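Undergrad:
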Amino acid sequence: MSQTTDERLRWTTADLELLPDNGNRYEIIDGELLVTRAPHWKHQKACGRLFAALDMWSQSTALGEATINPGIIFSDADNVIPDVVWASNERLAVLLDDAGHLTAAPELIVEVLSPGGENERRDRVAKLKLYSARGVQEYWIIDWQTQQIEVYRREQASLRLIATFFSNDELTCPLLPGFVCTVARLFA
Numbered sequence: 001m002s003q004t005t006d007e008r009l010r011w012t013t014a015d016l017e018l019l020p021d022n023g024n025r026y027e028i029i030d031g032e033l034l035v036t037r038a039p040h041w042k043h044q045k046a047c048g049r050l051f052a053a054l055d056m057w058s059q060s061t062a063l064g065e066a067t068i069n070p071g072i073i074f075s076d077a078d079n080v081i082p083d084v085v086w087a088s089n090e091r092l093a094v095l096l097d098d099a100g101h102l103t104a105a106p107e108l109i110v111e112v113l114s115p116g117g118e119n120e121r122r123d124r125v126a127k128l129k130l131y132s133a134r135g136v137q138e139y140w141i142i143d144w145q146t147q148q149i150e151v152y153r154r155e156q157a158s159l160r161l162i163a164t165f166f167s168n169d170e171l172t173c174p175l176l177p178g179f180v181c182t183v184a185r186l187f188a
């Protein structure tokens, strides 16, 4: 009788506390450790500009809050740091733990692609699957190199690509009534 075991090392949230504070970003998806370096200047610029637009809209409507690089601890084996998130006031009230981390899905998560196939697979496959399974309502993938935004929206219990916005388009979102952002503004 043979017995099979999963030989793969499974990382946990506790393991992250032991890693060096060396400028790398450490995330865990399904127990797999993902390490990324500091992002490209244009990556950060797109994050900052989108955050500014979401933050300004949030302040004017008082419907929720946006932030950059929050920690989301979905479980001991799923611990990620999205580029930008937005959560309604009602949702935010139940999401935050005592350490100030999100413990469940905000309504909107945004990832800005970093160059490289591995980075792109992480955002387009692993994170899409995780965010879909965890109940994110809308997921935006921003590609600063091609200056476009893919919008995935929850339909029939999973996130599905509903539109791709280009630099001459205006980005809107049913979760954010009245929010409008010209895509080109994020990359100017």
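Last residue of the sequence shown: 188 (the UniProt record's numbering), numbering continuous. No residue lacks a Cβ here, since even glycine has one placed at the ideal position from N, Cα and C. Just so it is clear, the structure is predicted and the values come from calculations on it, not from any experiment.
1) Within the same chain, show all residues whose beta-carbon is closer than 6 Å to that of S58, passing over the 5 residues directly before and after it, in chain order.
2) Could you please give me the residues that DSSP links to R25 through a beta bridge?
3) I68 and C47: beta carbons closer than 7 Å?
4) Taking only the alpha-carbon atoms, compute the straight-line gap between M1 and E150 and give it to the nearest angstrom.
5) Could you tell me whether the Cβ atoms of S132 and S167 are closer together than 7 Å?
6) Taking the continuous alpha helix (DSSP H) assigned at L54, which residues delimit it?
7) For A87, name the three-state secondary structure that DSSP assigns.
8) Taking all protein chains shown into account, decide if V80 is buried (16 or more other Cβ within 10 angstroms of its Cβ) or exposed.
9) Just to check my reading of the structure: L50 and V84 have Cβ atoms closer than 8 Å, yes? What is that Cβ distance to the nearest angstrom?
TA: Judging by the given coordinates:
1) Taking the first residue of the sequence shown as 1, we reach residue 58 at position 58. Around S58: G64, E65, A66.
2) If you number the sequence shown from 1, residue 25 lands on position 25. DSSP output for R25 lists T36 as bridge partner(s).
3) Position 68 of the sequence shown holds residue 68. Position 47 of the sequence shown holds residue 47. For I68 and C47, yes; Cβs fall inside 7 Å.
4) By 1-based counting over the sequence shown, the position of residue 1 is 1. By 1-based counting over the sequence shown, the position of residue 150 is 150. For M1, the predicted structure reports a pLDDT of 47, less than 50, and the residue's modelled location is therefore unreliable. A value from the coordinates is still provided. Going by the C-alpha atoms only, they are around 49 Å apart.
5) To locate residue 132, count along the sequence shown from 1; it is residue 132. To locate residue 167, count along the sequence shown from 1; it is residue 167. No, the Cβ-Cβ distance between S132 and S167 is not below 7 Å.
6) As a position in the sequence shown, residue 54 is number 54, starting the count at 1. Counting along the chain, the alpha helix (DSSP H) containing L54 begins and ends at 41-61.
7) Counting from one through the sequence shown, the residue named residue 87 turns up at place 87. Annotated three-state conformation of A87 is strand, per DSSP.
8) Within the sequence shown, residue 80 is the residue found at index 80, counting from 1. When all chains shown are included, V80 counts as buried.
9) The residue given as residue 50 occupies position 50 in the sequence shown. The residue given as residue 84 occupies position 84 in the sequence shown. Rounded to the nearest angstrom, the Cβ distance from L50 to V84 is 6 Å, consistent with a contact under 8 Å.
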